[in-house]
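So the structure is just underneath, and the comments pick up after that.
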Amino acid sequence: MAVSVEDSRPANRALWSAFIALLGGALAMGISPIFVRLSDVGPFASAFYRVFLALPVLYAWMRLEQSKNKTGKPARRFSPAVIATGLAFTGDLFFWHLAILNTSIANSTFFATTAPVWVGLIGWAVLGRRVAPMTVLGLVFCLVGGTALVWQSVALSPGHLIGDFYAELTAVFFGIYFLTVEWARRTEGAATITFHMSLITAALLAVTAICAHLLYGQQLFPSNAIGWLVLLCLAIISHAGGQGLLSLALGSLPSMFSSLVIFLEAIAAAALAWLILGEAVTPLQALGGLAILFGIWLARPRKEKKHFTGQETTPSSLRVKPLRRRVR
Numbered sequence: 001m002a003v004s005v006e007d008s009r010p011a012n013r014a015l016w017s018a019f020i021a022l023l024g025g026a027l028a029m030g031i032s033p034i035f036v037r038l039s040d041v042g043p044f045a046s047a048f049y050r051v052f053l054a055l056p057v058l059y060a061w062m063r064l065e066q067s068k069n070k071t072g073k074p075a076r077r078f079s080p081a082v083i084a085t086g087l088a089f090t091g092d093l094f095f096w097h098l099a100i101l102n103t104s105i106a107n108s109t110f111f112a113t114t115a116p117v118w119v120g121l122i123g124w125a126v127l128g129r130r131v132a133p134m135t136v137l138g139l140v141f142c143l144v145g146g147t148a149l150v151w152q153s154v155a156l157s158p159g160h161l162i163g164d165f166y167a168e169l170t171a172v173f174f175g176i177y178f179l180t181v182e183w184a185r186r187t188e189g190a191a192t193i194t195f196h197m198s199l200i201t202a203a204l205l206a207v208t209a210i211c212a213h214l215l216y217g218q219q220l221f222p223s224n225a226i227g228w229l230v231l232l233c234l235a236i237i238s239h240a241g242g243q244g245l246l247s248l249a250l251g252s253l254p255s256m257f258s259s260l261v262i263f264l265e266a267i268a269a270a271a272l273a274w275l276i277l278g279e280a281v282t283p284l285q286a287l288g289g290l291a292i293l294f295g296i297w298l299a300r301p302r303k304e305k306k307h308f309t310g311q312e313t314t315p316s317s318l319r320v321k322p323l324r325r326r327v328r
């Protein structure tokens, strides 16, 4: 059936809006290492406050979203997809901070950037999805670019093995996070998902932060008002802004493409470290950033046009192609 140009415009606008949200989320998450470095609390406490202090903002956003719900159908508070999302994000933050404690920041970043690989592997093995060839090629460019960003600082040694393993687990949980948010967005709004998954994550990270304080003496509370302000910025910008915009994007963009946001996050972190902290950007890092941008351009969603009829079909990278079964 032919699709008119007028009919395709809302879909195009939705895709562009989702992509802009994805870019905004990457920038918001990319600044999080700056706030963590400026914070004077322990890493697990920082992870807890990142989520906990964002809850009032996320609740207000959820209420606004519910007020605009014209269907009258009440949203499920803790659906299986939302619970899975909360657990996945908890695992992501937990193992990320374990990695930071047991290996270098560069190594943690290097292994964490493999999250899109896990999105593709889990999507194929569990959900029966095929990944488009151009998406695979784009991922290769992004992986090469991500490696270039941290290559000069990466140090592979036996002493870092456990920390490197934690960093790879971070990538696994972040990959699962993309898939579960995409699953939840089929039936629920972005604000509802982000708020309720944050409740789960905050509760679990509170226990982790208290244990880290009791067992390892990690500082639990900021020492002054500036410390609280840093944590508040981390919560509102990096969590409410970053994770919220990512949830919005996953309502229209596929998880495989959206997972490439981790590479944009790396670019944003390097650029902000240069602007704010004065850290130099090497030519190799600049080339790595360009490779990432090119890879994302290659992996972008496309409209397939049938020239002999003038038809436009659903972008191939937005289609889910089941091999065995799909999540409902």
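Note that full-length UniProt numbering gives residue 122 to position 122 of the sequence shown, counting from 1, and the numbers run on in steps of one. Cβ atoms here follow ideal geometry from the backbone N, Cα and C, with glycine treated the same way. Quick caveat: nothing in here was measured; it's all calculated off a predicted structure.
May I have the straight-line CA-CA distance separating residue i from residue j, to the nearest angstrom?
i: threonine 103; j: leucine 161; result: 8 Å
i: asparagine 107; j: glycine 30; result: 17 Å
i: alanine 14; j: glutamine 218; result: 44 Å
i: leucine 204; j: phenylalanine 44; result: 11 Å
i: glycine 289; j: leucine 149; result: 7 Å
i: valine 57; j: isoleucine 237; result: 11 Å
i: glutamate 168; j: leucine 93; result: 12 Å
i: isoleucine 200; j: glycine 145; result: 34 Å
i: glutamate 65; j: valine 230; result: 28 Å
i: lysine 305; j: asparagine 12; result: Unreliable placement is indicated for lysine 305, whose pLDDT of 48 sits below 50; the coordinate value is still reported in the next sentence. One C-alpha to the other measures close to 14 Å.
i: glycine 159; j: phenylalanine 165; result: 11 Å
i: lysine 68; j: phenylalanine 141; result: 41 Å
i: histidine 239; j: proline 283; result: 31 Å
i: phenylalanine 95; j: serine 259; result: 18 Å
i: tryptophan 228; j: tryptophan 124; result: 43 Å
i: glutamine 152; j: proline 80; result: 42 Å
Along the chain, where does the alpha helix (DSSP H) that runs through residue i open and close?
i: leucine 214; result: 190-216
i: valine 78; result: With the sequence shown as reference, residue 78 is identified as phenylalanine, and valine is not the correct amino acid for it. First-last for phenylalanine 78: undefined, no H or E at that position.
i: aspartate 164; result: 161-184
i: arginine 37; result: 32-38
i: valine 150; result: 133-150
i: asparagine 107; result: 105-112
i: threonine 243; result: Sequence check: residue 243 is glutamine here, not threonine. Element bounds for glutamine 243: n/a, residue is neither H nor E.
i: arginine 300; result: Per DSSP, arginine 300 belongs to no alpha helix (DSSP H) and is neither H nor E.
i: leucine 58; result: 55-67
i: serine 252; result: Careful: serine 252 lies outside any alpha helix (DSSP H) and carries neither H nor E.
i: arginine 50; result: 43-52
Compare the C-alpha of residue i against each of the options and name the closest.
i: isoleucine 226; options: Ser39, His97, Ala26; result: Ser39
i: alanine 280; options: Ser17, Ala270, Gly244, Val172; result: Ala270
i: proline 254; options: Gly146, Trp183, Val150; result: Trp183
i: serine 252; options: Leu220, Arg185, Glu265, Leu287; result: Arg185
i: tryptophan 118; options: Leu179, His213, Ala286; result: Leu179
i: alanine 60; options: Thr194, Gly145, Val230; result: Thr194
i: valine 41; options: Leu246, Ala291, Pro222, Ala249; result: Pro222
i: leucine 232; options: Phe52, Ser17, Arg37, Pro33; result: Phe52
i: threonine 170; options: Val126, His239, Arg50, Thr109; result: Thr109
i: alanine 299; options: Asn224, Pro116, Leu284; result: Pro116
i: histidine 97; options: Leu139, Val126, Ala84, Ala47; result: Ala47
i: proline 301; options: Ala249, Tyr49, Glu188, Gly25; result: Ala249
i: tyrosine 49; options: Met62, Ala266, Ala291, Ala206; result: Ala206
i: alanine 286; options: Thr147, His213, Ala84, Leu220; result: Thr147
i: glutamine 243; options: Ser17, Thr187, Ser32; result: Ser32
i: methionine 62; options: Val126, Ala191, Ala112, Thr208; result: Ala191
Would residue i and residue j be called neighbours here (beta carbons separated by less than 9 Å)?
i: phenylalanine 257; j: threonine 135; result: yes
i: glycine 241; j: valine 172; result: no
i: leucine 27; j: serine 198; result: no
i: residue 330; j: leucine 245; result: Summary: the structure shown does not reach residue 330, with the chain confined to residues 1 through 328, and so no result is reported for it.
i: leucine 264; j: leucine 23; result: yes
i: leucine 272; j: isoleucine 100; result: no
i: leucine 137; j: threonine 114; result: no
i: glycine 278; j: histidine 196; result: no
i: glycine 175; j: isoleucine 122; result: yes
Exposed or buried, what is residue i when buried is set at 16 or more other beta-carbons lying within 10 Å of its beta-carbon?
i: arginine 129; result: buried
i: alanine 132; result: buried
i: cysteine 211; result: exposed
i: arginine 77; result: exposed
i: tyrosine 177; result: buried
i: serine 247; result: buried
i: leucine 215; result: exposed
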